[in-house]
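Trainee: Under this note's numbering, the first residue of the sequence shown carries the number 14, and numbering increases by one thereafter. Each residue gets a CB set at the ideal place from its N, CA and C atoms; glycine is no exception. Just passing along the structure, written as structure tokens.
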Amino acid sequence: MRRKLILLVEDNPDDEALAIRALKKSNLANEIAVARDGVEALDFLFCEGTYVDRDPHDAPVVVLLDLKLPKIDGLEVLKRVKSDERTRRLPVVIMTSSSEEQDIVSSYDLGANSYIRKPVDFNKFTEAVAQLGLYWLVLNEVPDA
């Protein structure tokens with residue numbers, strides 16, 4: 014059985030802690046890996062840099078990606094993920110505070126599987142993350158690696 018690894022790409026420590034707490038509260042994730050900028054996310058996904066020894070077959074089942082990231086922004090991360098044969102089928106959920114129409118359009122144009130605006134209220138945020146986890150980790154079917 015495939016391990017249910019989630020990659021959370023989030024530079025805000027408060028949002029990171031809330032997302033992890035919500036996922037654990039929902040009992041949906043066996044493991045959550047965190048990348049705090051776009052470079053770290055790409056290194057994790059492509060087993061480069063500090064993740065050169067990571068097993069490439071141990072891929073996340075979903076990426077929760079913020080757009081406003083240091084070093085490389087979320088749209089560029091999304092573009093690279095969806096343009097590479099190794100990761101193009103990996104579900105990427107944009108989870109951001111941006112309500113800019115252009116960010117939504119660009120995300121879908123680049124292959125995002127979903128776009129979620131982060132609620133400010135903790136209870137709503139927890140519920141949103143729980144619903145994300147339920148769908149992407151339990152209900153969604155993915156092809157074998």
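Pick out whichever of T109, K137, A143 has its Cα sitting closest to the Cα of I129.
Mentor: Among T109, K137, A143, the Cα nearest to that of I129 is on T109.
Trainee: Going residue by residue through the region 39 to 113, where are the continuous beta strand (DSSP E) segments of at least 3 residues, counting only ones entirely within it?
Mentor: As far as the region 39 to 113 is concerned, its whole beta strand (DSSP E) runs of at least 3 residues are 44 to 48, 75 to 78, 105 to 109.
Trainee: With a Cβ-Cβ cutoff of 8 angstroms, do D71 and L150 count as a contact?
Mentor: No, Cβ-Cβ distance for D71 and L150 is not below 8 angstroms.
Trainee: Beta-carbon within less than 7 angstroms of D196's beta-carbon, same chain only, minus the 5 sequence neighbours each way: which residues are those?
Mentor: For residue 196 there is no data in the structure shown, the boundaries of the chain being 14 and 158.
Trainee: Could you have a look at L31 and say whether DSSP puts it in helix, strand or coil?
Mentor: Here L31 sits in helix by DSSP.
Trainee: My output table needs one value for L123: the three-state DSSP class, helix, strand or coil.
Mentor: L123 falls in the coil class under three-state DSSP.
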